[in-house]
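Mapped onto my numbering, the consecutive letters of the sequence shown carry residue numbers 9 to 108.
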Amino acid sequence: MERFLASGGTDSAQLLPFRPTNTIGPEIGRRRRTQAAGYDGRSRTVRILFSEGESATSLNGPIYEYYDVPYRVWRMVKRNLSTGRTINRTLNNYRYARIR
Numbered sequence: 009m010e011r012f013l014a015s016g017g018t019d020s021a022q023l024l025p026f027r028p029t030n031t032i033g034p035e036i037g038r039r040r041r042t043q044a045a046g047y048d049g050r051s052r053t054v055r056i057l058f059s060e061g062e063s064a065t066s067l068n069g070p071i072y073e074y075y076d077v078p079y080r081v082w083r084m085v086k087r088n089l090s091t092g093r094t095i096n097r098t099l100n101n102y103r104y105a106r107i108r
């Protein structure tokens, strides 16, 4: 994560390699709220970059880390068509923090 923050938050390809599908929520114009996500197996940490404001492609949005997440849960997040719904129903049950 230090490498990501040192790059000014633009080097997300290695640390946040997963690009989720569009949201299913019609109230936000079917734009992605989750821009990128990644999993660190050593620390069992899921990292998610969210879009900020109206921009559907912003890499300057908030980043959250979810701690002690089993790999099977990470696989479920990646497979799910509605990443936002999965975050709300599953990842929010784990300890998490906004890191940017």
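All C-beta atoms in this analysis are idealised placements derived from N, C-alpha and C, irrespective of residue type, glycine included. Computed from a prediction, not measured in an experiment: that's the story for all the values here.
Which residues mark the beginning and the end of the beta strand (DSSP E) in which residue i is found?
i	result
T53	T53 to F58
R106	Y104 to R106
Identify the continuous alpha helix (DSSP H) that holds residue i and give its terminal residues.
i	result
I95	T91 to R97
R80	Y79 to R87
Give the DSSP bridge partners of residue i, in chain order.
i	result
D48	T53
Y74	V54 and Y104
How close, in whole Å, do the beta carbons of residue i and residue j come, if the pair is a contact with beta carbons under 8 angstroms?
i	j	result
I107	Y72	7 angstroms
R50	V77	Going by Cβ atoms, the distance from R50 to V77 rounds to 12 angstroms, so no, they are not a contact pair.
A45	V81	No, A45 and V81 are not in contact; Cβ-Cβ is about 12 angstroms, not under 8 angstroms.
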